[in-house]
Amino acid sequence: MDKLLIYVHSKIIDTSGFFGGDLERYNQALNYAIKQNDYRALTDSSFLLANAQIVDFPIVYCNESFCKISGYNRAEVMQKSCRCGFMYGDLTDKETIARIEECLEAQIHDQFEILLYKKNKTPLWLLLQIAPIKNERDLVVLFLLTFRDITALKQPIETDDSKGGLSKFAKLARSVTRSRSVLVSQFSSHIPAVKDTLPTTTKQSHLAHYQCAQMMSLSGDVMPQYRQEAPKTPPHILLHYCAFKAIWDWIILCLTFYTAIMVPYNVAFKNKTSEDVSLLVVDSIVDVIFFIDIVLNFHTTFVGAGGEVVSDPKVIRMNYLKSWFIIDLLSCLPYDVFNAFDHDEDGIGSLFSALKVVRLLRLGRVVRKLDRYLEYGAAMLILLLCFYMLVAHWLACIWYSIGRSDADGGVQYSWLWKLANVTQSPYSYLWTNASTIPELVAGPSRRTMYVTALYFTMTCMTSVGFGNVAAETDNEKIFTICMMIIAALLYATIFGHVTTIIQQMTSATAKYHDMLNNVREFMKLHEVPKALSERVMDYVVSTWAMTKGLDTDKVLNYCPKDMKADICVHLNRKVFNEHPAFRLASDGCLRALAMHFTMSHSAPGDLLYHTGESIDSLCFIVTGSLEVIQDDEVVAILGKGDVFGDSFWKDSAVGQSAANVRALTYCDLHTIKRDRLLEVLDFYQAFANSFARNLVLTYNLRHRLIALQYVFIL
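Following UniProt numbering, the numbering of the sequence shown begins with 1 at its first residue and continues without gaps.
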């Protein structure tokens with residue numbers, strides 16, 4: 001997704017490309033200042049964006065700060081000339097106005113001190129900086145106008161009540177406080193000479209001021225450009241869908257199964273890792289890999305609730321700390337150090353070592369990534385079979401432990417003692433002077449005992465057993481009863497209802513894949529161009545991420561009319577709460593309007609309106625950014641809270657769009673058809689008057705702007 005990110009004093013505008021070149025240094029200065037809690041250079045900053053290719057250089061974007069200092073809302077500022085003539089007053093300097101005009105016509109960078117007036121006619125001294133923004137062809141396409149309030153540095157406007165002492169104090173303050181432009185130039189030239197001689201902390205503080213001063217001067221070497229550039233992931237952040245992360249997840253999955261197999265085996269057969277150098281090395285490597293996985297998870301993107309890829313390092317870390325961090329940390333602790341205990345404390349050491357089985361909980365997080373490579377049915381079947389075998393392995397380890405315990409207690413008719421006799425590897429007791437309890441020695445090999453135990457558990461879990469290995473002691477019979485109950489439940493769940501489970505768990509995914517396959521086949525059948533096919537697929541995937549395949553209209557049709565109206569009001573609450581045109585609407589009126597609103601989701605590059613198309617809808621932007629293009633020129637950049645369309649409640653004739661409207665990012669729009677809106681307004685006359693008076697279109701698609709080159713031709 002290509003979009004333009006213009007960072008000006010911590011504000012962001014989404015348009016259709018990236019600033020290139022030295023914008024990174026421009027942003028770093030802002031970020032550093034923010035991290036140092038130095039907001040003094042940022043809090044009173046405002047900016048406008050204006051099109052440099054249209055007559056009168058209309059404003060295509062203004063930030064919230066400008067609206068606050070001027071008193072005008074965005075709808076009142078948009079499409080007006082960036083000369084800001086609507087803020088001129090009696091005391092606005094004519095010479096400065098002429099210089100601003102010359103700067104705009106010459107498309108050069110300059111700054112001015114000018115007296116402007118707020119909407120309530122309050123005078124305001126501003127430091128205005130104008131900077132041209134060029135595209136990749138070195139053509140000036142936009143003007144960036146930044147404003148800083150310098151009223152405190154200027155002499156107050158004298159009125160009948162503001163004379164004498166206050167005026168003298170203002171003159172004294174002005175004589176002591178230099179002009180803003182002089183301060184910036186002196187500060188910029190002074191810092192490089194001294195920054196290398198300062199201590200580290202002081203140097204960083206002065207460097208932040210220097211960078212902010214350089215940034216505020218908007219010199220040519222830091223000016224951004226309006227051009228397209230591939231979006232970049234923040235440094236040290238790993239994309240969750242990259243090839244390396246996919247391979248890494250497979251490695252973690254395999255090592256998790258390895259841990260789940262080896263830990264119960266070592267506990268049951270009292271196998272000390274320290275006695276086997278190869279196992280000690282392997283387990284140490286596994287612990288290191290799991291620790292590396294924790295570090296990687298702190299630097300790996302994830303998909304947010306809205307379907308967007310979250311790459312903010314702070315958000316990533318907080319999300320991981322709140323989710324899997326504790327479990328992952330417990331899973332990578334070096335429990336094998338307890339294997340260094342003496343023989344009398346083997347049980348304690350084995351108990352601590354067995355805690356490593358908590359790594360099995362990581363399977364759920366890893367398995368969710370398997371759907372990229374396997375269909376859900378195949379992946380689920382494989383995982384269920386693996387889980388079935390894993391349970392059989394655990395039960396085999398328990399079965400051996402019971403037989404060993406009985407044999408150690410002198411019971412010579414347990415399954416383990418019988419196995420020793422059958423294999424002609426009988427057990428014997430060894431008496432030592434240090435202990436009054438004889439030690440059981442000799443017997444079958446570990447391999448024979450484990451395979452026999454696994455054979456018994458598998459036969460009991462899949463059938464009633466064959467009798468060649470059977471429970472003889474009371475402990476063995478009790479365990480066998482419990483095992484058969486567990487096995488019956490597992491068998492019925494996994495093998496008896498595997499089809500039902502897969503269908504229930506993958507119904508939405510199957511529908512998703514079916515939809516994607518239908519779209520792909522349609523594109524191939526009708527030979528749709530590749531670029532358009534990619535846009536369609538991107539839109540389908542994005543829409544699915546937002547709706548999860550739910551059909552809103554189908555769900556609403558389940559509800560009665562009254563309940564349906566309540567749900568529609570809730571779904572459109574952002575539009576009704578944010579726009580003053582709906583404040584005087586009664587509950588009945590809002591319910592009638594909400595029933596006619598439709599919600600749509602647009603992908604980057606989608607054209608919502610074409611030039612010459614009839615304007616039959618009123619559109620409210622809930623999220624995302626759009627651009628209005630007339631004759632290949634950007635005439636407006638619309639964002640959250642903006643309204644575009646036509647004022648057809650004032651003009652009954654259906655208008656034609658004079659421009660294209662294209663989505664720059666993923667957008668959520670709430671629209672209402674012209675005929676439906678007029679029906680509601682005709683029925684609710686009191687609301688119709690309030691609506692016509694308070695609803696201000698951010699951009700009227702019927703209006704056409706005159707291009708600069710056409711004026712030159714005329």
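In this text, a Cβ means the ideal position worked out from N, Cα and C, and glycines have one as well.
It should be emphasised that the depicted structure is a prediction, and the values quoted were computed from it without experimental measurement.
- Per DSSP, K673 is one residue of the beta strand (DSSP E) stretching across 667 to 673.
- If you look at Y429, you'll find it in the beta strand (DSSP E) that goes 427 to 430.
- Annotated three-state conformation of R704 is coil, per DSSP.
- E101 is the residue among Y429, L115, E101 whose C-alpha sits nearest the C-alpha of H109.
- Ranked by Cα distance from A260, the options L104, A531, D283, A510 are led by D283.
- A Cβ-Cβ separation of about 3 angstroms places C82 in contact with A50 under the 8 angstroms criterion.
- In the DSSP assignment, E472 falls outside any alpha helix (DSSP H), carrying neither H nor E.
- Taking the Cα of Y450 as reference, the smallest distance to any Cα among I402, L385, K548 is reached at I402.
- The beta carbon of S70 is closer than 7 angstroms to those of M87, K118, K119 in its chain, skipping five residues each way along the sequence.
- Runs of the alpha helix (DSSP H) lying entirely within the stretch 56 to 106 and spanning at least 4 residues, in chain order: 64 to 70, 74 to 77, 94 to 106.
- In this chain, the alpha helix (DSSP H) harbouring S690 covers 685 to 694.
- Rounded to the nearest whole angstrom, the CA to CA distance from F387 to D562 is 49 angstroms.
- Taking 7 angstroms as the cut-off, the Cβ atoms of L145 and L48 count as close.
- The beta carbon of W125 sits closer than 6 angstroms to the beta carbons of L115, I150, T151, K154 from its chain, once the five residues preceding and following it are set aside; these are given in chain order.
- Per DSSP, S625 has no beta-bridge partner at all.
- With contact defined as three or more Cβ pairs closer than 8 angstroms, the stretch 571 to 590 and the stretch 686 to 704 are in contact.
- Put simply, the backbone Cα of K134 is about 7 angstroms away from that of L142.
- Comparing C-alpha distances from T499 to each of C568, Y265, L381, L239 shows the shortest one belongs to L381.
- If you check the CB distance, T459 and L419 do not come in under 7 angstroms.
- Membership of R148 in the beta strand (DSSP E) is indicated by the continuous run 140 to 149.
- The beta carbon of I706 sits closer than 7 angstroms to the beta carbons of V55 from its chain, once the five residues preceding and following it are set aside; these are given in chain order.
- The beta carbon of I567 sits closer than 7 angstroms to those of L556, C559, all from its chain and outside the five residues before and after it, given in chain order.
- In terms of Cβ geometry, M599 and H526 do not form a close pair [threshold 7 angstroms].
- Distances from the alpha-carbon of S331 to those of T256, H236, V536 put T256 closest.
- Straight through space, the alpha carbons of F495 and D474 are spaced by roughly 31 angstroms.
- For L127, the uninterrupted beta strand (DSSP E) run begins and ends at 123 to 134, by DSSP.
- Among the bridge pairs identified by DSSP, L116 is matched with L124.
- For M523, same chain residues with a beta-carbon under 6 angstroms away, outside a window of 5 residues either side, are S533 in chain order.
- The C-beta of N421 has fewer than 16 other C-beta atoms within 10 Å across all chains shown, which makes the residue exposed.
- Annotation for I247: the continuous alpha helix (DSSP H) segment containing it runs 243 to 268.
- Inter-residue distance for L489 and V569 is about 47 angstroms (C-alpha atoms, whole angstroms).
- Here H596 carries a helix assignment [DSSP, helix/strand/coil].
- Note on P264: 16 or more other CB atoms within 10 angstroms of its CB, so buried under the neighbour-count rule.
- In this structure, I672 lies near H596, with their beta-carbon atoms less than 7 angstroms apart.
- Taking C-beta separations shorter than 7 angstroms and ignoring five residues to either side along the sequence, the partners of S617 in its chain run G645, T671, I672, K673, R674, following chain order.
- Beyond the five residues adjoining it in sequence on each side, V140 comes within less than 6 angstroms, by CB distance, of A52, Q107, P132, K134 in the same chain, given in chain order.
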